[in-house]
Amino acid sequence: MPLIYLATPYSHSDPDVKQRRFDAVNRAAASLMRRGWHVYSPISHSHPIALAGDLPGDWEYWERYDREILRMCARVIVLRQDGWRESTGVTAEMEIAAELGLPVAFMDPEPPA
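In the working numbering, each residue carries its 1-based index in the sequence shown increased by 2.
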């Protein structure tokens with residue numbers, strides 16, 4: 003099963019919005035994984051590391067890392083949370099996917115349990 007890159011907006015001035023975005027992408031990743039997909043979510047995987055290591059949370063810091071992961075993926079799925087169209091990171095991830103010839107699909111968030 004190929005690796006799926008799950009993109010979503012994350013950065014926001016309100017910490018509660020960031021947390022809601024983090025929770026939503028984790029639910030989406032779990033949903034895809036229950037269906038048998040192998041998923042890499044840069045937010046799910048990097049948010050806890052950034053917090054534990056006091057690392058920056060902006061695209062400028064994570065771009066090189068995420069670009070390398072995208073090279074290993076077969077497709078990108080964009081979680082359409084509020085702000086996805088305006089997100090610097092999501093926009094860049096979609097551009098990189100196009101450069102690499104990766105298909106991009108879209109997914110709506112699941113409501114919280």
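No residue lacks a Cβ here, since even glycine has one placed at the ideal position from N, Cα and C.
{"Check": "Of the residues D84, P113, P111 and R77, the one placed nearest A100, counting alpha carbons only", "Outcome": "R77"}
{"Check": "Cβ neighbours of S48 in the same chain (closer than 7 Å, five flanking residues each side left out)", "Outcome": "W64"}
{"Check": "DSSP state of L81 mapped onto helix, strand, coil", "Outcome": "strand"}
{"Check": "Start-to-end residues for the alpha helix (DSSP H) that takes in Y63", "Outcome": "W61 to R73"}
{"Check": "Three-state secondary structure assigned by DSSP to A76", "Outcome": "coil"}
{"Check": "Residue environment, T90, which counts as buried when at least 16 other CB atoms sit within 10 Å", "Outcome": "exposed"}
{"Check": "9 Å Cβ cutoff met for I79 and L8", "Outcome": "yes"}
{"Check": "CA-to-CA distance, S15 to G21, given in whole angstroms", "Outcome": "Correcting the residue identity first, residue 21 is Gln in this sequence and not Gly. Their Cα atoms are separated by approximately 11 Å."}
{"Check": "Counterpart residues of H14 in DSSP-defined beta bridges", "Outcome": "BP columns for H14 are empty, so no partner."}
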